[in-house]
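Take a look at the structure set out below.
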Amino acid sequence: MLSHFSAVILFSLFVSVVFGITQRSQPRQMLIYGARCFGLFALSAIVLSWLMMLLHR
Amino acid sequence: MTTKNAKDAVTPRFEYDALLLGWLVPGAGHLLCRKPVRAALLFVSITSLFVLGLLMQGKLYSSAADLLDILGLAGDLGNGVLFFISKLAGLGTLPVQVTTADYGTRFVVVAGLLNFMAAVDAHNLRIGRKAA
Chain R
57 MLSHFSAVIL
67 FSLFVSVVFG
77 ITQRSQPRQM
87 LIYGARCFGL
97 FALSAIVLSW
107 LMMLLHR
Chain Z
-18 MTTKNAKDAV
-8 TPRFEYDALL
2 LGWLVPGAGH
12 LLCRKPVRAA
22 LLFVSITSLF
32 VLGLLMQGKL
42 YSSAADLLDI
52 LGLAGDLGNG
62 VLFFISKLAG
72 LGTLPVQVTT
82 ADYGTRFVVV
92 AGLLNFMAAV
102 DAHNLRIGRK
112 AA
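First to last, the protein sequences are chains R and Z.
Sequential numbering of the first sequence, starting at 57, is according to our numbering.
Sequential numbering of the second sequence, starting at -18, is according to our numbering.
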């Protein structure tokens, strides 16, 4: 069974692949854009998780 | 990003073929535009999101009772053949009973919306609106 974090990472990965392919026209640009999207997805998930934990205290 | 390139444009008889095929089968529109790597990546990504959603006991929308249901159904319909086969096979839970089912439902809806994006991208490639 997937944990919350692994579900977020898989979601980010698949969505970033589609974003990269559909939003850019050159393969190199696609790779950079997809990697940037993935990084931002993962980073926001981590930052928001910490924020929610701190707010919950 | 989306430059008009008349030279690279293919002039198909029916210009919406990539859009329709791409909607029915994830990545098929790109395959029609002779982009096999992109097609494979799209197929794997969208199908994986859809299957993971179902494995998390996600809900498949079937009714249009209220606005949220209509929006959910519109998203689910984006999955094309995957949605219809799953619906016929009786997959997907109707009421959300476990915590992960809520995530699963979102996975399925997002897979459909991404497939819409991929189909439109294939259409743009096909008519030459997007540089190949």
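Ideal placement from N, C-alpha and C gives every residue a C-beta, glycine not left out.
Predicted model only: the values in this text are computed from it and were never measured.
Query	Result
For ALA(-13)(Z), is the classification buried or exposed, using 16 other Cβ atoms within 10 angstroms of its Cβ as the cut-off for buried?	Residue placement at ALA(-13)(Z) is flagged as unreliable, the pLDDT there being 49, under the threshold of 50; the coordinate-derived value follows with that caveat. By the 10 Å Cβ count, ALA(-13)(Z) comes out exposed.
Using 8 Å as the Cβ pair cut-off and three pairs as the minimum, do the region 79 to 96 of chain Z and the region 24 to 32 of chain Z touch?	yes
Closest Cβ-Cβ distance between PHE97(R) and chain Z: below 8 Å?	no
Below 8 Å, can you find three or more Cβ-Cβ pairs linking the region 96 to 108 of chain Z to the region -3 to 4 of chain Z?	yes
From the beta carbon of HIS112(R), is the nearest beta carbon of chain Z less than 8 Å away?	no
Taking the DSSP output, what are the residues bridged to ALA74(Z)?	The sequence given here has Thr at residue 74(Z), not Ala. Looking at the DSSP assignment, THR74(Z) forms a beta bridge with LYS40(Z).
Note down the Cα distance separating SER100(R) from ALA103(Z), rounded to an integer number of angstroms.	30 Å
Using a Cβ-Cβ cut-off of 7 Å (strictly less than) and excluding sequence neighbours within five positions of ALA98(R), which residues of its own chain qualify?	ILE65 and SER68
Any idea what DSSP makes of LYS68(Z), helix, strand or coil?	helix
Quick check: the Cα distance between THR78(R) and TRP106(R), rounded to an integer number of angstroms?	32 Å
Would you mind reading off the limits of the alpha helix (DSSP H) that contains PRO7(Z)?	Run containing PRO7(Z): none; DSSP gives neither H nor E here.
Cβ of LEU66(R) less than 8 Å from any chain Z Cβ?	yes
Taking the C-alpha atoms as reference points, what is the distance between CYS14(Z) and ARG(-6)(Z)?	14 Å
In chain R, which residues lie with their C-beta within 8 Å of the C-beta of SER29(Z)?	LEU66 and PHE70
Shortest alpha-carbon distance to TYR(-3)(Z) belongs to which of ALA113(Z), ALA112(Z), LYS111(Z) and ARG107(Z)?	ARG107(Z)
If you measure beta-carbon to beta-carbon, which residues of the region 72 to 88 of chain R are closer than 7 Å to chain Z?	VAL73, VAL74, ILE77, THR78, ARG80 and SER81
According to DSSP, is SER72(R) part of a helix, a strand, or is it coil?	helix
Step through the CB atoms of chain Z and report whether any lies within less than 8 Å of the CB of ALA63(R).	yes
Which residues bound the alpha helix (DSSP H) around GLY56(Z)?	48 to 58
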